[in-house]
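Engineer:
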Amino acid sequence: MSLFKARDWWSTVLGEKEEFDQGCLCLADVDNTGNGQDKVIVGSFMGYLRIFNPHPVKTADGAQAEDLLLEVHLRDPILQVEVGKFVSGTEMLHLAVLHSRKLCVYSVSGSLGNVEHGTQYQIKLMYEHNLQRTACNMTYGSFGGVKGRDLICIQSMDGMLMVFEQESYAFGRFLPGSLLPGPLAYSSRTDSFITVSSCRQVESYKYQVLAFATDADKRQETEQQKLGSGKRLVVDWTLNIGEQALDICIVSFNQSASSVFVLGERNFFCLKDNGQIRFMKKLDCSPSCFLPYCSVSEGTINTLIGNHNNMLHVYQDVTLKWATQLPHIPVAVRVGCLHDLKGVIVTLSDDGHLQCSYLGTDPSLFQAPKVESRELNYDELDVELKELQKIIKDVNKSQGVWPMTEREDDLKVSAMVSPNFDSVSQSTDVEVGADLVPSVTVKVTLQNRVTLQKIRLSVYVQPPLVLTCDQFTFEFMAPEMTRTVGFSVYLKGSYLPSELEGNAVVSYSRPTDRNPEGIPRVSQCKFRLPLKLICLPGQPSKTASHKLTIDTNKSPVSLLSLFPGFANQSEDDQVNVMGFRFLGGSRVTLLASKTSQRYRIQSEQFEDLWLITNELIIRLQEYFEKQGIKDFACSFSGSMPLQEYFELIDHHFERIYFDLVSYLMLLKLGLKEVNKIPSFFSNHVSVLHTCTEKLRINGEKLEELLSERAVQFRAIQRRLLTRFKDKTPGPLQHLDTLLDGTYKQVISLADAVEENQDNLFQSFTRLKSATHLVILLIGLWQKLSADQIAILEAAFLPLQQDTQELGWEETVDAAISHLLKTCLSKSSKEQALNLSSQLSIPKDTSRLKKHITLLCDRLAKGGRLCLSTDAAAPQTMVMPGGCATIPESDLEERSVEQDSTELFTNHKHLIVETPIAEVSPLQGVSE
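According to numbering that gives the first Met the number 0, the stretch in the sequence shown is residues 0 to 926, in order.
1. Which residues in the same chain as C103 place their Cβ atom closer than 7 Å to its Cβ, once the five residues preceding and following it in sequence are excluded?
2. Leaving aside the five residues before and after G14 along the sequence, list all residues of the same chain whose C-beta is less than 8 Å from its C-beta, in chain order.
3. Using a Cβ-Cβ distance under 8 Å, would V107 count as near chain D?
4. Please determine, among D750, V710, K724, L290, the residue with the shortest C-alpha to C-alpha distance to L701.
5. Compare the Cα-Cα distances from P463 to each of K442, A477, S497, F173 and report the closest residue.
6. DSSP three-state call for A859: helix, strand or coil?
7. Enumerate, from N- to C-terminal direction, the unbroken alpha helix (DSSP H) stretches of 4 or more residues contained entirely within the stretch 708-782.
8. Quick check on L102: does DSSP put it in helix, strand or coil?
9. Beta-carbon within less than 8 Å of V334's beta-carbon, same chain only, minus the 5 sequence neighbours each way: which residues are those?
10. Are the CB atoms of I50 and L24 within a distance shorter than 8 Å?
11. Please state if the CB of G564 and the CB of K531 are separated by a distance shorter than 8 Å.
12. Would you grab the beta carbon distance between S839 and Q354 for me? Rounded to a whole angstrom, and I think it's under 8 Å.
13. For S348, which residues from the same chain have a beta carbon less than 8 Å from its beta carbon, with the 5 sequence-adjacent residues on both sides left out?
14. Look at the alpha carbon of D272 and the alpha carbon of P286, and state the distance between them as a whole number of angstroms.
15. Taking just the CA atoms, how far does K820 sit from V811?
16. Grab me the residues of V162's own chain with a C-beta within less than 6 Å of its C-beta, minus the 5 sequence neighbours each way, in chain order.
17. State the start and end residues of the unbroken alpha helix (DSSP H) segment that holds S816.
18. Output the boundary residues of the beta strand (DSSP E) element that contains F267.
19. Would you tell me roughly how many angstroms separate the C-alpha atoms of L558 and R527, rounded to the nearest one?
20. I'd like to confirm the pairing. Which residues does DSSP put opposite N502 in its beta bridges?
21. Is it the case that the stretch 735-742 contacts the stretch 602-614, given that we only count it when at least three CB pairs across the two stretches are under 8 Å?
22. Just reading off the beta strand (DSSP E) that Y494 is part of, what are its end residues?
23. Please report the distance separating the alpha-carbon of K205 from that of T194.
24. When burial is assigned at 16 or more other CB atoms within 10 Å of the CB, is M159 buried or exposed?
25. Just curious, the alpha helix (DSSP H) that S560 is in, first and last residue?
26. If contact is defined by three or more beta carbon pairs under 8 Å, each pair taking one atom from either stretch, is the stretch 443-451 in contact with the stretch 469-489?
27. For a minimum of 4 consecutive residues, which ranges assigned as the alpha helix (DSSP H) are wholly contained in the stretch 291-364?
28. Does the beta-carbon of K281 have 16 or more other beta-carbons within 10 angstroms, so that it is buried, or is it exposed?
29. Output the distance between the C-alpha atoms of F645 and E621, rounded to the nearest integer angstrom.
30. Excluding sequence positions up to five away, which residues of its chain have a Cβ less than 6 Å from the Cβ of S522?
31. Ignore the nearest five residues each way along the sequence and tell me which others in L561's own chain have a CB closer than 6 Å to its CB.
32. On the three-state DSSP scale, how would you describe Q642?
33. Considering only DSSP beta bridges, list what I40 is partnered with.
34. Can you tell me whether DSSP reads T948 as helix, strand or coil?
35. The alpha helix (DSSP H) that contains R277, what's its start and end?
36. Just to confirm the assignment, what range does the alpha helix (DSSP H) spanning T4 have?
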């Protein structure tokens, strides 16, 4: 954009550390020379008034001493300067200066000096008005159609318009509903004041209506207004623009038409006299100021718009005609005639950069030198190109896209979990059953190598685990500095978390020479909480409904050495059996085989198997690593427990929820007393047994009913307020009773919504535990790599939280369908099938369960998970039987499900009847 920079004609910097705004700049022949040459008048918030007459010797000259005609310190901050016919008895131009509590009108004159210093300028105070209210801005014009003089209207900070007829105060009126003042302008053609209220709408008030309205000596209604004397101030027209306005300007084509221009935060609008939109333009950048003026083309208007990107755009109506770059962000822009040069653009920044410029371009005088022609050796270039490509390839392999080593050296995050519980548990007033809930301390240490800013540490654990503090903020860290923070973790709930892993994430900014604000970066550290935080030693159980068997390739390890903190003192001789009791009350039993290399985990709840199974595998890996054994491996040769997993999915999706359903029916029938619920159950028990509500759908119904009751509550409040304000009291007609009953219904419904959300969250947490277990078993069963397990986790666990808008069932169904149609597909016909672009609550879970079964079937027959570009190509299965295509109808899906029945039998019945030492490695897996 160097070609389109604004050409600097004259510029200067005003004062030191002074501030300016859009009302601080004005161009006019303030000294009444009559030669048509404008002067630049600038006022600052520091109280300095300056008048310039720029006349550079050559273009781009800086300000000379004689350019400054006048500089006066008026002590009070200057909010706005305007030039007009403000003194009675003369049509000479005078200068009006608006202070926060005072309006002053000055005459500016120059007298010829007796020496070579030239003309001397001075100002003389003609009159002043002390304001009773703090001023915001002002406008002027021939209010009411007066001839030969200008009246001034000042808007106060509390929304009052004060009109001054030159030396005398005329009247003051409060704008109705005013909260914050907005820009103000006067339209001489319609004799109206136009402003933008805090309701984000343009409002127009006739001067005659303001003049004849009731006086506004007080903000409250007077007794005369209550009795009906005086006229009410009504708005002429309004237009909602939906955003705050920065400025308003009015441009007249001729005596028969004028336009109202409004500059918003994102758009600028052109309105007709009656408030109709003539056109509007959406701006690409945030604007800072604007100035409309008549165009040379008939019927069009040019507009100068400055923005916060140091740009000045010239629009003809809505068409961008020119864009030029400024050296500063303008807060005020004016166009005038300076030194016989018409159309000079004068801009002022908020820190005092005043510049007079014009639009144009400078031709580039640079000519590229001639290059000596020489013959190219293409063989050498080819060798050099290959060497560079090899270097680039090596760098990409070693470092990736970002230099990770540098980023990790900036800040090192480490977490340490205390091996012992807190001496005084931080879980105050929290009890899970009859057990006292312990807490453990975690310390996170931050070590930085360079200077860091805006450091924010966020810690997250899986609910119902909670933290005493999860947010830490540091404004600044000097180089080579160490910070350590501590917090406690404890269980707050009667159910188990889906994981014992926590995550500490640190976001920070690293300042550089080019960017002092800093480059945002993120670093994280994971930590593992001890199992004893949620679990106690328990009595082993001989029978259980759900059992799993994990095979290993090494001799069994004593459970006392794997779980030293869970040894039962009364059963020290049983080293191959151990019981666990969770704080929620459920029990899990772990058995190690004496004759085979297997471990069995059993429990009454399928989802409770996950934490102990995962902990067993982790501790076995750590044990053999300490022994120096690197070829240790676990496997799972039993049948996949899909039936138990599907029961949990159905439990999450469909559940009889008698309390909420009954309350919904009570509200439908108009019953309000809680003691009527038992009789209602006895009368409608058959209805309740047939009403199987989905938790998510139930939540939607509850929220809809809560919204209806809230609307009803507000309607009753309005009726009561109308009755209370009525001058002639009348009966309430039981509105108070209805209000009290509706209030109780709203509170009860809100409690029901919270209870429903809590039940949904608990069900989702149990489903996550079971899903983690299924993913683990699939990985052990098919010996999947870490990347393939990550793909399974992304497909089965895409959500951290279940919501009414997006649920687990439809999300997982879409993800598994994508895998079946890409990397696990058999033919190109499957790849051509398109997934639905919109996810919605399914009618049931049959489709999801069939897709999960089909996924396991594809993996059993040789399919592999991948996300590379080769995944779209059909895979050649090496296992006997191949893979079936994705069913396109319910009939075809039914046949696939029947084919997979032998492969995925009910794991519960299989394991119960078979001793642990006699389980065949391939039992339950069909060839």
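Where a beta carbon is used, it is the ideal one built from N, C-alpha and C, also for glycine.
Treat the numbers as computed from the prediction; the structure is a model and nothing was measured.
Structural biologist: Reading off the structure:
1. V96, L124, E127
2. S43, M45, Y47, G351
3. The displayed structure is made up of one protein chain only, and chain D is not part of it.
4. Comparing Cα positions, the closest option is D750.
5. S497
6. helix
7. 734-781
8. strand
9. L26, L290, Y292, L303, G342, V343, I344, V345
10. Their beta carbons are not under 8 Å apart, which means L24 does not touch I50 by this criterion.
11. Contact annotation: K531 and G564 have beta-carbon atoms nearer than 8 Å.
12. Their Cβ separation, rounded to whole angstroms, is 59 Å, which puts S839 and Q354 out of contact at 8 Å.
13. Excluding residues within five positions, the ones whose Cβ falls inside 8 Å are F19, H327, I328, P329, V330.
14. Answer to the nearest angstrom: the Cα atoms are 24 Å apart.
15. 14 Å
16. C152, A169, F170
17. Counting along the chain, the alpha helix (DSSP H) containing S816 begins and ends at 807-820.
18. Start and end: 266-270.
19. 20 Å
20. Y459, K525
21. Taking 8 Å as the limit for Cβ pairs, the verdict is that the stretch 735-742 does not touch the stretch 602-614.
22. Looking at the DSSP string, Y494 is not in any beta strand (DSSP E), and its letter there is neither H nor E.
23. 12 Å
24. Classification for M159: buried.
25. 558-561
26. yes
27. none
28. exposed
29. 33 Å
30. Sequence-distant partners of S522 (beyond 5 residues in either direction) whose C-beta falls short of 6 Å from its own C-beta, in its chain, are L410, V412, V505.
31. R618
32. helix
33. C25, I50
34. Beyond the ends of the chain as shown, which are 0 and 926, falls residue 948; an answer cannot be given.
35. In the DSSP assignment, R277 falls outside any alpha helix (DSSP H) and within the unbroken beta strand (DSSP E) covering 276-281.
36. Here the sequence assigns Lys to residue 4, which means Thr is not the residue at that position. Here K4 belongs to no alpha helix (DSSP H), and DSSP marks it neither H nor E.
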